[in-house]
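Here the structure comes first, spelled out in structure tokens, and everything after it is commentary.
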Amino acid sequence: MGTERKRKVSLFDVVDDSATIAGKLPKSNGGNLLTMNNGITNLSINRWNGRPYSPRFFEILEKRKSLPVWQQKEEFLQVLNNNQTIILVGETGSGKTTQIPQFVLEAVELESPDKRRKMLIGCTQPRRVAAMSVSRRVAEEMDVTLGEEVGYSIRFEDCSNARTVLKYLTDGMLLREAMTDPLLERYKVIILDEAHERTLATDVLFGLLKEVLRNRPDLKLVVMSATLEAEKFQDYFSGAPLMKVPGRLHPVEIFYTQDPERDYLEAAIRTVVQIHMCEPPGDILVFLTGEEEIEDACRKINKEVANLGDQVGPVKAVPLYSTLPPTMQQKIFETAPPPVKEGGPPGRKIVVSTNIAETSLTIDGIVYVIDPGFAKQKVYNPRVRVESLLVSPISKASAHQRAGRAGRTQPGKCFRLYTEKSFHNDLQPQTYPEILRSNLANTVLTLKKLGIDDLVHFDFMDPPAPETLMRALEVLNYLGALDDEGNLTRLGEIMSEFPLDPQMGKMLVASPEFNCSNEILSISAMLSGRHQQLSSLGSMPLVGMYHRVSKEAQKAADEAKARFGHIDGDHLTLLNVYHAYKQNQEDPNWCYENFVNQRALKSADNVRQQLVRIMARFNLKLCSTDFNSRDYYINIRKAMLAGYFMQVAHLEKTGHYLTVKDNQVVHLHPSNCLDHKPEWVIYNEYVLTSRNFIRTVSDIRGEWIVDIAPHYYDLENFPNCEAKRVLERLYKKREKDREEGKNRK
DNA sequence: GCTGCCTGG
Numbered sequence: 113m114g115t116e117r118k119r120k121v122s123l124f125d126v127v128d129d130s131a132t133i134a135g136k137l138p139k140s141n142g143g144n145l146l147t148m149n150n151g152i153t154n155l156s157i158n159r160w161n162g163r164p165y166s167p168r169f170f171e172i173l174e175k176r177k178s179l180p181v182w183q184q185k186e187e188f189l190q191v192l193n194n195n196q197t198i199i200l201v202g203e204t205g206s207g208k209t210t211q212i213p214q215f216v217l218e219a220v221e222l223e224s225p226d227k228r229r230k231m232l233i234g235c236t237q238p239r240r241v242a243a244m245s246v247s248r249r250v251a252e253e254m255d256v257t258l259g260e261e262v263g264y265s266i267r268f269e270d271c272s273n274a275r276t277v278l279k280y281l282t283d284g285m286l287l288r289e290a291m292t293d294p295l296l297e298r299y300k301v302i303i304l305d306e307a308h309e310r311t312l313a314t315d316v317l318f319g320l321l322k323e324v325l326r327n328r329p330d331l332k333l334v335v336m337s338a339t340l341e342a343e344k345f346q347d348y349f350s351g352a353p354l355m356k357v358p359g360r361l362h363p364v365e366i367f368y369t370q371d372p373e374r375d376y377l378e379a380a381i382r383t384v385v386q387i388h389m390c391e392p393p394g395d396i397l398v399f400l401t402g403e404e405e406i407e408d409a410c411r412k413i414n415k416e417v418a419n420l421g422d423q424v425g426p427v428k429a430v431p432l433y434s435t436l437p438p439t440m441q442q443k444i445f446e447t448a449p450p451p452v453k454e455g456g457p458p459g460r461k462i463v464v465s466t467n468i469a470e471t472s473l474t475i476d477g478i479v480y481v482i483d484p485g486f487a488k489q490k491v492y493n494p495r496v497r498v499e500s501l502l503v504s505p506i507s508k509a510s511a512h513q514r515a516g517r518a519g520r521t522q523p524g525k526c527f528r529l530y531t532e533k534s535f536h537n538d539l540q541p542q543t544y545p546e547i548l549r550s551n552l553a554n555t556v557l558t559l560k561k562l563g564i565d566d567l568v569h570f571d572f573m574d575p576p577a578p579e580t581l582m583r584a585l586e587v588l589n590y591l592g593a594l595d596d597e598g599n600l601t602r603l604g605e606i607m608s609e610f611p612l613d614p615q616m617g618k619m620l621v622a623s624p625e626f627n628c629s630n631e632i633l634s635i636s637a638m639l640s641g642r643h644q645q646l647s648s649l650g651s652m653p654l655v656g657m658y659h660r661v662s663k664e665a666q667k668a669a670d671e672a673k674a675r676f677g678h679i680d681g682d683h684l685t686l687l688n689v690y691h692a693y694k695q696n697q698e699d700p701n702w703c704y705e706n707f708v709n710q711r712a713l714k715s716a717d718n719v720r721q722q723l724v725r726i727m728a729r730f731n732l733k734l735c736s737t738d739f740n741s742r743d744y745y746i747n748i749r750k751a752m753l754a755g756y757f758m759q760v761a762h763l764e765k766t767g768h769y770l771t772v773k774d775n776q777v778v779h780l781h782p783s784n785c786l787d788h789k790p791e792w793v794i795y796n797e798y799v800l801t802s803r804n805f806i807r808t809v810s811d812i813r814g815e816w817i818v819d820i821a822p823h824y825y826d827l828e829n830f831p832n833c834e835a836k837r838v839l840e841r842l843y844k845k846r847e848k849d850r851e852e853g854k855n856r857k
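Residue 599 in the working numbering sits at position 487 of the first sequence; the count goes up by one each step and never skips.
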């Protein structure tokens, strides 16, 4: 055993490497590299947990050293030592996400004034799965237990403790931490990974960290990105040094079409068939825009190849999109089908995917990529405060990323279904950052909570349109989260603690006043989260029956839906589904028989528990109106109005709904559960598809509007319309009632 | 009479 250990130790030539670097570091940072507490350097003992290294540690170390980023380890540590901020550019396969944080750990002194715990290295990721899987890998590489010296932190799950020195976390989570620790004092070094993705949270962190760095000269920042926008980052961070690390991808040959394609779906299918007939073995990845298109394409591919007979090998076309159940998603990792008969032409796997395969999910073995050049993207219209999805051309950066998916395991080919000229002239260099495509009400609330008072002069890398910021401030002011000077109110402070949009946060905080916080908690949990999309039956978390089932099954699903339906609206229907789920002890069989999506309900329950904890923190009462009371549902509907009074529509004499104040013509989404057309409705979403729809709607009363939201329904600032005249009458009636009330007293 | 890319707290 002893000799074994010694032999392995000799492989550990990193020691010399690090020692040289340690020599160049300032004295306070130097001494204790690979030194145990007793001051004796012991190379077979893991510095982090004091245990002997396992043989596996040395095996992995050898592999790690072959990663491109190791070539520049010394250079990186020098640059880190001499600068507060570094921009590091490394493409796929460079090893930056796993190795750079470990390099930093070796070189940085983590003692804190508080002797009980060390300071942290934090590394952000845009996605939860990445934070979890990368931390697991790094814990293994460092030969420590996950959740101890190396951990991760994501919503619902903090897998770290007082001994943790390296923590991977989502960018949104770091933003949350900043709300209670504005100078991020627990951190010694922060690494923002995947910065090129420009998520909303990463963009806010950019601006925030720029300020924090000024106040914390001891804090260091490493911004890691894929190549394309690096110089822009460098400019933004006042000329921080830029380091480039090569990636390790196989070459990918790019092909363009001679002429523009009229129908990209038809062209994509044709290309699949051509590749299958003419190209050597290797799996194909096709990028399309949405569920319907993808299911359709899979069917057509399977059919067309079957029609070719046994001159070609069999294919297996598998769909991939985020709302596909996990068991179905697993199919993309299955191998290609075997030849039909021994010695026959080989089979091929064809993955037809949304953008999820561009960044979030990696499929090995892809040799051919088909890129029609489109994706569904979120766009925001600040004038009507509506986010919608639009099929639009992708950016050059996105096209580059897609092509790279063909070269992960061997040289590949990428077929772009547009002309080379179009690529150069028509595609934008970068995808618009999310911050320019979103409603910023929630972001502005977070910024205010973070102490950023002057939003206009906040140093955004890409400043949002002033109108978008104004709209956000206006919404927050109407909700009472900001006062007229734009300062955060006590209410706003509480709202900011909820992981919900401001309207929903307000509804929840107001709900105890309406004696129904238990029910509003359930409705909020059902509305938030992704599960709404899992259903084709409108916004109900019932099992989707979309395009895949018989008329009978559809009918059964409709009946199940009717069983939960509440005539006063979809919000109350959601509440019914939640209650029924709990009453039936969350039984999977019951869910199945009633077309209830168990996964969706589970996740809603999880969200609900988190919200309950936050309610408790602020001493917000958990209460319900007696179920037998006439007011049970009325109170719930009133509480909803307290948050959503800006999302109200009025039924005009013409039979159309007009949104209040904006006067947009909208239609009730056909998925609604109402049995009548109420005069006033609140809605949860405004969706632009074949028409302007409002989805998830409930019946509310005009009398409640003038009671609960008179500041918004201020007639002096109200466009002339039918709703205004109705409101005028209601205000007069209210005044008269009050007078009479006074007289009686 | 409809169906929506991805992601975060």
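Backbone N, C-alpha and C define an ideal beta-carbon position, used for all residues, glycine too.
query, result
"Trp792 - partner residues in DSSP beta bridges", "His762, Ile812"
"Beta-carbon proximity list for Lys185, same chain, < 6 Å, skipping 5 on both sides", "Phe215"
"Those residues which DSSP pairs with Tyr280 across a bridge", "Cys235, Tyr264"
"Beta-carbon contacts of Phe349 that lie in its chain and below 6 Å, excluding the five residues immediately before and after", "Thr197"
"Residue nearest to Ser206 in terms of C-alpha spacing, selected from Ala274, Ala290, His362, Arg240", "His362"
"Ala429 in three-state terms, based on DSSP", "strand"
"Cβ separation of Lys230 and Val277, assumed to be a contact under 8 Å, to the nearest whole Å", "5 Å"
"Range covered by the alpha helix (DSSP H) that runs through Asp849", "834 to 856"
"Exposure label - Glu546; buried when at least 16 CB within 10 Å", "buried"
"Burial state of Asp305, where buried means 16 or more other Cβ atoms lie within 10 Å", "buried"
"Residues near Phe805 by beta carbon distance below 6 Å, same chain, minus five either side", "His779, His781, Val799"
"Alpha helix (DSSP H) segments (min. 4 residues) lying fully within the region 576 to 630", "578 to 590, 602 to 609, 614 to 622"
"C-alpha gap between Leu827 and Gly814, whole angstroms", "14 Å"
"Cβ distance (whole Å) where Lys279 is taken to contact Leu232 below 8 Å", "6 Å"
"Three-state secondary structure assigned by DSSP to Asp743", "helix"
"Neighbourhood of Pro494 by C-beta distance below 6 Å, restricted to the same chain and skipping five residues each side", "Glu579, Thr580, Arg583"
"Helix, strand or coil at Lys443 according to DSSP, with G and I counted as helix", "helix"
"DSSP-derived helix/strand/coil call for Tyr299", "strand"
"Integer-rounded CB distance, given that Ile794 should sit under 8 Å from Tyr756", "5 Å"
"Whole-angstrom C-beta distance between Ser634 and Tyr690, which should lie under 8 Å", "5 Å"
"Supposed contact pair Pro505 and Leu400 - C-beta distance, whole angstroms, cut 8 Å", "With 8 Å as the limit, Leu400 and Pro505 do not qualify as a contact, their Cβ atoms being about 14 Å apart."
"Member of Glu223, Thr314, Leu155, Val181 whose CA lies at the smallest distance from the CA of Phe170", "Leu155"
"Three-state secondary structure (DSSP) of Ser337", "strand"
"Beta-carbon contacts of Asp125 that lie in its chain and below 6 Å, excluding the five residues immediately before and after", "Reliability of the predicted coordinates at Asp125 is poor, the pLDDT of 23 falling under 50, and the value obtained from them is presented with this limitation in mind. Within the same chain, Asp125 has no close Cβ partners at all."
"Sequence-distant residues of its chain with Cβ nearer than 8 Å to His643 (five each side left out)", "Low per-residue confidence applies at His643: pLDDT is 49, beneath 50, and the placement is therefore not dependable enough to give any value."
"Opening and closing residue of the beta strand (DSSP E) in which Cys271 lies", "269 to 271"
"Neighbourhood of Cys735 by C-beta distance below 8 Å, restricted to the same chain and skipping five residues each side", "Pro624, Asn627, Cys628, Ser629, Asn630"
"Cα-Cα separation, Pro438 to Lys733", "38 Å"
"For Asn796, the nearest candidate out of His683, Ser434, Ile406, Ser337 (CA to CA)", "His683"
"Cβ shell of Pro180 (< 8 Å), same chain only, five flanking positions each side left out", "Gly202, Gly205, Ser206, Gly207, Val357, Pro358, Gly359, Arg360"
"The beta strand (DSSP E) enclosing Thr197, as first and last residue numbers", "197 to 202"
"The region 247 to 259 in contact with the region 283 to 296 per 3-pair CB rule at 8 Å", "no"
"Candidates Ser810, Arg807, Leu317, Ala761: closest to Cys833 by CA position", "Ala761"
"Alpha-carbon to alpha-carbon, Val772 and Met758", "7 Å"
"Opposing strand residues paired with Cys526 [DSSP bridges]", "Ile366, Val481"
"Sub-8 Å separation of Ser472 and Tyr433 beta-carbons", "no"
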